[in-house]
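Worksheet: the structure to be examined is printed underneath.
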Amino acid sequence: MRKHFLWVTMSIFFLSATILSWKSDGANRSVSVRKENATFTTKELFEQYVNNLYEAARLKEAGLAFNVFEKAVTGYTNLKLSHQVPQSSDVLTVVDFSKSSREKRMWIINLLNKQLVLNTWVAHGSGSGQEMASHFSDANDSHESSLGFYVTDKVYNGKHGRSLYLDGMDEGFNGNARMRSIVVHGANYVGPAAINEQGYIGRSFGCPAVSPKVVNKVINTIAGKTVLFINGNDESYYSKYLDETGPLNLMASADTSFNFTKF
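The opening residue of the sequence shown carries number 21 in my numbering; numbering runs sequentially from there.
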């Protein structure tokens with residue numbers, strides 16, 4: 021069976037610790053590592069695990085903030101634990117609408133290989149703002165972007181050409197994605213030409229639209245039940261998939277013989 025990225029990466033991390041002794045006293049339990057007499061909490065281990073991915077994929081150099089990536093990995097892990105995406109899904113897409121549309125603010129990451137597949141421009145909805153996306157909505161005809169976790173689905177050909185269905189996983193924030201026809205598609209208004217002409221890329225009706233030059237690569241890479249996380253500046257946003265209990269319990273499994281190749 022193909023190894024799932026989480027267990028592969030965690031295995032590498034834990035092997036470096038030599039011997040692990042698990043203390044089963046809750047999600048925030050400690051893990052005693054007999055190396056330089058260090059003791060780490062599961063929270064610290066999870067952060068180190070995420071940091072390992074972050075550094076290996078050189079995401080800081082690509083402009084992705086660590087705290088945004090950590091949110092995305094937390095949600096990804098919870099979506100795997102709740103069987104919303106298959107065991108074989110090892111691609112995570114992050115969009116950060118707290119950044120200017122002049123910047124490349126979409127990152128597609130292969131977590132199994134710890135590689136950045138693509139970093140590119142992505143549009144926000146016209147109702148969310150011009151250069152910056154400052155407000156968000158899940159309402160139909162709002163033409164605003166919606167924050168949160170999505171799971172990609174099937175490819176289809178529509179009015180924008182080859183496109184990709186998205187299912188919003190955060191009710192109240194993006195649960196109307198299908199009804200609103202929020203999809204990944206190509207758009208000529210996304211890319212350097214638009215920035216040179218008006219100072220920022222064009223805007224969609226709420227879809228995370230990308231350049232026609234990369235749309236096929238984007239769709240081919242993320243189609244078929246992978247996780248997409250859209251971040252933005254909105255203090256009202258919350259998600260059950262950001263609950264760290266599941267990931268921390270996973271890290272603190274009392275069974276030290278747990279099979280890291282399975283999720």
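Backbone N, C-alpha and C fix where the C-beta goes; we use that ideal spot for every residue, glycine too.
Bridge partners - residue i, DSSP secondary structure assignment
{"i": "I221", "result": "Note: I221 sits in no beta bridge, so no partner."}
{"i": "N139", "result": "W127"}
{"i": "V105", "result": "Paired residues: none, contrary to the question."}
Residue i: first and last residue of the uninterrupted alpha helix (DSSP H) it sits in
{"i": "V111", "result": "Here V111 belongs to no alpha helix (DSSP H); instead the beta strand (DSSP E) covers V111 to D116."}
{"i": "V238", "result": "V235 to I242"}
{"i": "L65", "result": "T62 to A76"}
{"i": "N130", "result": "Here N130 belongs to no alpha helix (DSSP H); instead the beta strand (DSSP E) covers M126 to N130."}
{"i": "N98", "result": "F86 to L101"}
Exposed unless 16 or more other CB atoms sit within 10 angstroms - verdict on residue i
{"i": "P106", "result": "exposed"}
{"i": "P212", "result": "exposed"}
{"i": "L270", "result": "buried"}
{"i": "Y176", "result": "exposed"}
{"i": "N240", "result": "exposed"}
{"i": "S273", "result": "exposed"}
{"i": "H103", "result": "exposed"}
{"i": "N194", "result": "buried"}
{"i": "D190", "result": "buried"}
{"i": "N178", "result": "The question names Asn, but residue 178 is Gly in the sequence shown. Exposed is the call here."}
{"i": "G83", "result": "exposed"}
{"i": "S256", "result": "exposed"}
{"i": "L268", "result": "buried"}
{"i": "E217", "result": "exposed"}
{"i": "E90", "result": "buried"}
{"i": "N196", "result": "buried"}
{"i": "S157", "result": "buried"}
{"i": "S162", "result": "buried"}
{"i": "V143", "result": "According to the sequence shown, residue 143 is Ala rather than Val. So A143 counts as buried."}
{"i": "S231", "result": "buried"}
{"i": "S285", "result": "Not covered by the structure: residue 285. The range shown for the chain is 21 to 283."}
{"i": "T265", "result": "exposed"}
CA nearest to the CA of residue i, picked from the options
{"i": "M199", "options": "R182, C227 and R223", "result": "C227"}
{"i": "S146", "options": "A85, F117 and N72", "result": "F117"}
{"i": "K237", "options": "N251, W127, Q150 and G168", "result": "W127"}
{"i": "R78", "options": "V93, V247, T97 and I129", "result": "I129"}
{"i": "L136", "options": "D110, A143, N196 and G219", "result": "D110"}
{"i": "E164", "options": "F225, S256 and S201", "result": "F225"}
{"i": "E81", "options": "K124, L101 and H103", "result": "K124"}
{"i": "G219", "options": "L167, P232 and S120", "result": "S120"}
{"i": "N71", "options": "N253, F156 and K134", "result": "K134"}
{"i": "H180", "options": "S154, V247, S201 and K91", "result": "S201"}
{"i": "L132", "options": "L184, T62, V88 and V93", "result": "V93"}
{"i": "F169", "options": "G95, Q68, H144 and N196", "result": "G95"}
{"i": "S183", "options": "Y261, F86, H205 and N196", "result": "H205"}
{"i": "Q150", "options": "A214, L186 and N196", "result": "A214"}
{"i": "I221", "options": "R122, V203, F249 and P267", "result": "R122"}
{"i": "A229", "options": "A207, V247, T265 and L138", "result": "A207"}
{"i": "L262", "options": "A76, D173, L99 and E64", "result": "L99"}
{"i": "F249", "options": "A76, S166 and L138", "result": "S166"}
{"i": "E203", "options": "D173, A153, V88 and S154", "result": "Reading the sequence as shown, one finds Val at residue 203 and not Glu. For V203, the nearest C-alpha among the options comes from D173."}
{"i": "S154", "options": "G252, E75, G266 and F66", "result": "G252"}
{"i": "V115", "options": "L101, S108, T97 and A85", "result": "A85"}
Extent of the continuous beta strand (DSSP E) run through residue i
{"i": "N269", "result": "No beta strand (DSSP E) contains N269, which is instead part of the alpha helix (DSSP H) from T265 to M271."}
{"i": "N251", "result": "V247 to N251"}
heavy atom of the ligand ZN below 7 Å from residue i C-beta
{"i": "W141", "result": "Only the bare structure without any ligand can be found here, which leaves the ligand ZN out of the picture."}
I'd like the ranges of any beta strand (DSSP E) spanning at least 3 consecutive residues and lying wholly in the segment 141–216. 168–178, 181–188 and 203–205
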